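Given below as structure tokens:
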């Protein structure tokens with residue numbers, strides 16, 4: 456099981472940015488930019504949904520408030 460390392464603000468921002476990037480990929484962008492925007496959007500939404508960010512784990516970062 457992956458330990459959550461993202462706080463609510465981080466997850467909310469990732470969700471909003473991920474949705475915007477997906478909309479751009481579908482509506483406005485074309486070619487490689489659309490694919491890149493779509494891929495980044497999906498990754499942001501996936502990390503927001505799980506609350507786990509692999510680069511944060513590698514760097515020892517956590518934006519999640521500890522629950523004592």
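In my numbering, the protein residues as written are 456 to 523.
The C-beta atom is built at its ideal place from N, Cα and C for all residues, glycine as well.
The structure presented is a predicted model; accordingly, all values stated were derived computationally and were not measured.
In the displayed model, residue 458 falls within coil according to three-state DSSP, outside both helix and strand. C-alpha of residue 496 to C-alpha of residue 490: approximately 10 Å in a straight line. With respect to the C-alpha of residue 503, the residue from 461, 457 and 456 having the closest C-alpha is 461. By the neighbour-count criterion, in which a residue is buried when 16 or more other Cβ atoms sit within 10 angstroms of its Cβ, residue 515 is exposed. With fewer than 16 other Cβ atoms from the protein chains shown falling within 10 Å of its own Cβ, residue 513 counts as exposed. Around the Cβ of residue 480, a 10 Å sphere holds 16 or more other Cβ atoms; the residue is buried.
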